[in-house]
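As structure tokens, the structure follows; a few thoughts come after it.
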Amino acid sequence: MITPIAALALSACLLLSAALPALADSKSYRQKAEAQMDYIQSHFYEAKASRYHGKSPDKPGGLTYSLMWENGVQIRALVDAMRYDPAKYGPILDRFAEGLQKYYWDPVGANPGFNAYCSGPGGDDKYYDDNAWLVLGFEEAYQQTKDAKYLKWANETQRFVLSGWDDKLGGGLYWSLKHNSKNTCVTAPASVGALRLSLLNEPDQRLWGTRLRDWTTANLQDKSDGLYWDNVKLDGSVEKTKWTYNTALMIESDLTMYKITKDPKHLTAAESLAEASLKQWQDPNTGRFQNDAKFTHLLCEALVHLYAVDHNTRYLNAVRRNAAFATHHVYDAAGGGYWADWNAKTHKADEEKDLLENASVARLFWMLAPYADSGELLTRGVTLAGQGRDAQAEPLLRQAADSDAEAVEARYRLWKVLGRENKTADAAAQQAILVQKAQDPALKTRLEAVGWKG
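Counting in our numbering, the sequence shown runs from 18 upward without gaps.
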């Protein structure tokens with residue numbers, strides 16, 4: 018049964034009303050999210066300036082404060098945090114949002130918008146995607162606070178985003194004021210922002226949401242696998258890099274259309290994109306998504322939102338596996354925070370960390386906070402198995418094993434339960450996985466500690 022705070026978090030974030038079959042709030046995920054927010058506030062935030070630094074530690078000659086892309090992630094992390102502790106995070110969110118208006122918003126010109134940096138009015142360094150992320154943040158802030166200023170800012174920022182549309186290439190939004198290319202990283206979040214505004218009593222935005230979604234699908238989707246390319250230049254040439262966040266926002270667009278229309282074709286489209294994403298980007302051995310957190314946290318969010326609708330634990334487990342990889346291999350246990358490089362490697366003690374990655378990781382843990390992690394699932398499953406309730410223990414142990422590539426204890430317990438249930442084929446499959454895992458000396462030692470004989 019979903020807890021009230023979990024329901025609040027998901028309804029505010031996606032504007033979807035489906036109830037979630039979550040076990041309980043995960044203290045583990047929530048504690049990690051809170052620790053991450055504390056790390057960000059202590060290492061990146063400058064209270065007197067109401068702004069964040071982009072790097073920690075700052076390097077000589079670098080920019081003093083964060084860029085708007087980083088701000089777009091951090092404001093959403095603050096909204097996520099506020100759902101759980103409004104007294105602590107509400108004032109921080111408010112000061113930060115006011116600071117964005119004071120230092121980054123450029124009111125000059127026919128189409129006011131946010132500068133990429135706090136460079137003052139009359140700037141020509143604006144990006145439509147930076148602004149599209151702020152639309153999503155302001156929408157979520159309004160959902161959480163009901164403060165009308167956030168809805169006002171969302172609409173004003175969306176006007177700048179949509180000013181990037183013209184008829185060249187049949188439509189689409191430019192990436193920057195240079196008008197060199199039209200990019201999925203603009204059109205996809207702008208579609209989601211428009212559709213969500215339509216649910217917030219801005220009905221005219223629905224047409225924009227569908228127009229942007231349809232243009233992106235027609236011009237930037239690889240029909241061979243369903244995933245989305247990066248951009249198309251004005252000469253018609255397509256840059257075919259596939260980033261996780263581009264497809265993620267198209268999943269979100271389809272999900273929001275499903276919320277609006279209840280037409281199952283939109284849910285089917287979202288599920289198809291999710292399956293293609295898992296096939297393309299998740300390492301089956303480690304659980305890590307390709308790309309770093311600044312991109313992948315948005316795919317994780319889309320998968321969690323999809324799970325909220327269709328209750329397919331495959332999507333939730335995929336996100337938990339990615340989060341587990343971060344905990345095992347990207348977290349700086351000595352100094353706190355997360356490295357920008359998500360490769361499993363040894364990091365230098367003085368290696369720089371950045372706000373963009375750390376805010377993205379904070380969002381990853383906040384989106385998982387309504388759910389139990391692998392360790393909590395294992396504890397519940399072992400308890401039930403110990404009571405002779407193998408049928409009830411099995412799904413919990415399976416989720417625990419599938420939620421962390423290194424959760425060998427959970428997989429061992431699952432294997433034992435399946436054996437007692439005479440599920441021979443399934444037990445054999447789990448045993449084969451255990452044999453493979455035992456090739457790692459550290460995992461083998463852990464397996465032997467719970468009774469594995471090899």
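A virtual CB, placed ideally from N, CA and C, is assigned to each residue, including glycine.
Quantities reported herein were computed from a predicted structural model and do not represent experimental measurements.
How big is the Cα-Cα spacing for residue i and residue j?
i           : j           : result
residue 444 : residue 434 : 8 angstroms
residue 299 : residue 293 : 10 angstroms
residue 86  : residue 301 : 30 angstroms
residue 25  : residue 172 : Residue placement at residue 25 is poorly supported in this model, since its pLDDT is 38, which falls under 50; the coordinates still yield a value, given next. Going from the Cα of residue 25 to the Cα of residue 172 covers about 23 angstroms.
residue 114 : residue 79  : 23 angstroms
residue 343 : residue 371 : 15 angstroms
residue 73  : residue 145 : 27 angstroms
residue 244 : residue 256 : 13 angstroms
residue 272 : residue 332 : 14 angstroms
residue 184 : residue 251 : 11 angstroms
residue 297 : residue 387 : 27 angstroms
residue 55  : residue 169 : 29 angstroms
residue 347 : residue 187 : 43 angstroms
residue 328 : residue 334 : 11 angstroms
residue 122 : residue 138 : 8 angstroms
residue 95  : residue 210 : 18 angstroms
residue 287 : residue 77  : 45 angstroms
residue 196 : residue 253 : 13 angstroms
residue 469 : residue 452 : 10 angstroms
residue 317 : residue 97  : 14 angstroms
Measure how close the beta-carbons of residue i and residue j come, nearest whole angstrom, since I'm counting them as under 8 angstroms.
i           : j           : result
residue 423 : residue 314 : Not a contact, Cβ separation roughly 21 angstroms.
residue 148 : residue 130 : 5 angstroms
residue 475 : residue 319 : With the chain running from 18 to 471 in the structure shown, residue 475 is simply not present.
residue 248 : residue 192 : 7 angstroms
residue 117 : residue 159 : That belief does not hold up - the Cβ atoms of residue 117 and residue 159 are roughly 15 angstroms apart, past 8 angstroms.
residue 430 : residue 450 : Going by Cβ atoms, the distance from residue 430 to residue 450 rounds to 13 angstroms, so no, they are not a contact pair.
residue 175 : residue 214 : 6 angstroms
Within this structure, are the beta carbons of residue i and residue j separated by less than 8 angstroms?
i           : j           : result
residue 385 : residue 417 : no
residue 69  : residue 83  : yes
residue 48  : residue 375 : no
residue 383 : residue 50  : yes
residue 261 : residue 306 : yes
residue 205 : residue 274 : no
residue 225 : residue 179 : yes
residue 349 : residue 356 : yes
residue 277 : residue 228 : no
Give every residue of the same chain whose Cβ lies closer than 6 angstroms to the Cβ of residue i, excluding the five residues on either side of it in the sequence, and list them in chain order.
i           : result
residue 230 : 208, 270
residue 454 : 425, 460
residue 120 : 135
residue 337 : 420
Checking contacts by CB at 8 angstroms: is residue i closer than that to chain B?
i           : result
residue 132 : The structure shown contains no chain B; it holds only a single protein chain.
Skipping 5 residues on each side, what residues in its chain have a beta carbon closer than 8 angstroms to that of residue i?
i           : result
residue 436 : 444
residue 136 : 142
residue 291 : 268, 319, 320, 323, 332
residue 531 : Within the shown structure, residues of the chain are numbered from 18 to 471, placing residue 531 beyond reach of any answer.
Could you name the residues of the same chain whose beta carbon sits closer than 7 angstroms to that of residue i, not counting the 5 residues immediately before and after it, in chain order?
i           : result
residue 354 : 56, 60, 370, 375
residue 112 : 67
residue 289 : 243
### Task
Specify whether the segment 79-95 and the segment 146-160 touch according to this definition: at least 3 beta carbon pairs, one from each stretch, less than 8 angstroms apart.
Enough Cβ pairs lie closer than 8 angstroms, so yes.
### Contact between the segment 368-387 and the segment 396-415 (3+ Cβ pairs under 8 angstroms)
Fewer than three Cβ pairs drawn from the segment 368-387 and the segment 396-415 lie within less than 8 angstroms of each other, which leaves the two stretches out of contact.
### Message
For the pair the segment 388-397 and the segment 357-364, tell me if three or more CB-CB distances fall below 8 angstroms.
### Response
Three or more Cβ pairs closer than 8 angstroms define a contact, and the segment 388-397 falls short of that threshold against the segment 357-364.
### Query
Can you find at least 3 beta carbon pairs, one from the segment 192-207 and one from the segment 220-238, that sit closer than 8 angstroms?
Flag = yes, the segment 192-207 and the segment 220-238 touch.
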